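Structure record follows, encoded as structure tokens.
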Amino acid sequence: MTNGCISRFLTTSGTHVAYTATSLSRPPPCALLVFLPGLNSTFTDSKKATLMCQLAHRHNCDFLAFDHLAHGATGGRWSDVTMARWVDDAAELLASKRQDAAQPMVLVGASMGLWVAALLAEKLPDAVKGIVGIGGSVNFHHRWLKDATDKGYDNEVKWAMEQGRRMAIQRETEGGLGGKSLWRPPQMQKDLRPNFVRPSRYSSEPYAIPFPFLASLFRAQLSLPLSLSCPVGLVHGHVDADVPWQEALQILSEDAPDGCLTLVSGEGHRLSGESGLAAIETTVEWVLNRMHADSKRNPTKTSAGSPLRDSET
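The UniProt record's numbering puts the first residue of the sequence shown at 1, with every later residue one more than the last.
Pasting the structure below:
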């Protein structure tokens with residue numbers, strides 16, 4: 001999407017969110033199709049964002065894509081990031097881009113973007129009418145903290161888990177994820193290393209993930225399998241080395257009436273190959289069709305067919 005016009009939206013938290021959006025002049029659009037990038041990814045260099053824009057036009061939808069705080073054109077410091085701030089920033093931007101309160105939204109989350117999308121669906125159940133996950137990953141803080149322990153970050157992991165458990169208890173007692181008090185991450189002791197430095201298969205430079213951010217994820221932890229009141233379609237690479245496809249099986253219940261998982265043979269985490277993009281396109285169209293069908297009948301869900309599909313193309 002390098003040719004798209006980038007605009008900025010100032011959120012209550014102070015984030016200048018960089019985004020691109022297209023709105024149809026002919027009413028009514030069927031939905032606002034939103035692309036949410038993954039960790040350390042941006043919409044500007046994403047084949048998937050380009051595909052979403054094309055699908056939006058094809059299906060008479062408005063389109064929106066944006067970069068999270070500390071990512072891409074949005075900028076900002078990683079040390080200021082919490083999942084709560086990401087979700088609240090996104091919710092404000094989405095509210096500003098909907099044509100009206102009745103316009104449904106379909107959220108397409110790549111990797112970590114699925115986690116943000118699911119939290120938005122919990123926060124805005126009357127607005128989010130469909131979710132697509134692309135190599136989706138949720139609750140990955142447990143796996144990353146284990147990796148950090150294996151690499152010798154024992155004291156930092158202990159601190160993150162103590163802070164995280166406290167924040168998880170607060171969510172249970174207070175309810176909800178968002179709110180101004182949760183926009184800033186907890187402060188670390190000065191004698192601890194602030195970041196978990198982990199290698200990346202996509203960059204010559206390692207990722208430096210702040211431990212306060214990992215601690216904030218405990219408050220954002222999702223109960224699995226997901227229990228959402230909208231269609232959920234997942235696409236996962238069979239050879240995903242970053243998020244094993246078995247994790248996708250935990251996200252959706254096998255008997256979910258409005259859930260569909262497509263495993264793509266030969267594709268990895270990014271699903272940017274021809275077969276991966278084709279499977280994504282099919283899944284987005286499946287969710288749009290389910291959403292459209294649901295809008296024409298009463299809210300009672302009916303079977304969407306087999307919840308697990310294999311793609312060999």
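Don't be surprised by glycine CBs; every beta carbon is placed ideally from N, CA and C.
Quick caveat, the model's predicted, so the values are computed rather than measured.
Out of curiosity, what's the CA-to-CA distance linking residue i and residue j?
i, j, result
"residue 205", "residue 199", "7 angstroms"
"residue 111", "residue 277", "14 angstroms"
"residue 38", "residue 74", "14 angstroms"
"residue 141", "residue 55", "32 angstroms"
"residue 130", "residue 220", "20 angstroms"
"residue 163", "residue 218", "9 angstroms"
"residue 207", "residue 196", "8 angstroms"
"residue 254", "residue 21", "35 angstroms"
"residue 53", "residue 120", "21 angstroms"
"residue 45", "residue 146", "31 angstroms"
"residue 101", "residue 230", "17 angstroms"
"residue 316", "residue 7", "In this structure the chain extends from 1 to 313, so residue 316 is not present and cannot be described."
"residue 283", "residue 296", "20 angstroms"
"residue 190", "residue 285", "50 angstroms"
"residue 170", "residue 161", "14 angstroms"
"residue 144", "residue 70", "19 angstroms"
"residue 165", "residue 173", "12 angstroms"
"residue 194", "residue 150", "17 angstroms"
Quick one: measure Cβ to Cβ for residue i and residue j, integer angstroms, because I've assumed they're closer than 8 angstroms.
i, j, result
"residue 108", "residue 34", "7 angstroms"
"residue 132", "residue 233", "5 angstroms"
"residue 264", "residue 272", "At roughly 11 angstroms, the Cβ-Cβ gap does not stay under 8 angstroms, so residue 264 and residue 272 are not in contact."
"residue 248", "residue 228", "Between residue 228 and residue 248 the Cβ distance is about 15 angstroms, and since that is not below 8 angstroms, they are no contact."
"residue 104", "residue 291", "6 angstroms"
"residue 157", "residue 168", "About 16 angstroms; that fails the 8 angstroms criterion."
"residue 135", "residue 243", "6 angstroms"
What residues in its chain sit with their C-beta under 8 angstroms from that of residue i, if we drop five residues either side in the sequence?
i, result
"residue 185", "79, 80, 81, 82, 210, 212, 213, 215, 216"
"residue 11", "17, 88, 89, 92, 93"
"residue 241", "201, 268, 269"
"residue 61", "24, 29, 30, 31, 32, 33, 55, 106, 288"
"residue 84", "177, 178, 179, 182, 183, 216, 219, 220"
"residue 238", "245, 263, 264, 265, 266, 267"
Can you check which of these residues, the options, is closest to residue i by C-alpha distance?
i, options, result
"residue 63", "133, 5, 123, 220", "5"
"residue 72", "280, 292, 15", "15"
"residue 188", "104, 106, 252, 159", "159"
"residue 192", "174, 155, 183", "155"
"residue 66", "77, 136, 43, 59", "43"
"residue 40", "231, 59, 76, 99", "76"
"residue 259", "296, 225, 58, 281", "225"
"residue 68", "99, 13, 150", "13"
"residue 127", "150, 144, 143, 98", "98"
Excluding the 5 residues preceding and the 5 following residue i in the sequence, name in chain order all residues of the same chain whose CB lies nearer than 7 angstroms to its CB.
i, result
"residue 9", "17, 19, 93, 96"
"residue 202", "none"
"residue 116", "36, 86, 87, 90, 109"
"residue 317", "This structure gives no information on residue 317, because the portion of the chain shown stretches from 1 to 313."
"residue 281", "51, 55"
"residue 47", "272, 277"
"residue 122", "none"
In chain order, what residues of the same chain lie with their CB nearer than 6 angstroms to the CB of residue i, ignoring the 5 residues before and after it?
i, result
"residue 294", "none"
"residue 302", "Confidence in residue 302 is poor, its pLDDT being 33 and thus under 50, which makes the residue's placement unreliable; the coordinate value appears in the next sentence. Around residue 302: no qualifying Cβ."
"residue 279", "235, 262, 264, 311"
In the DSSP assignment, what are the bridge partners of residue i?
i, result
"residue 7", "19"
"residue 240", "Answer is none; residue 240 lacks a bridge partner."
"residue 195", "210"
"residue 105", "32, 128"
"residue 65", "20, 35"
"residue 50", "In DSSP, residue 50 forms no bridge with anything."
"residue 259", "232"
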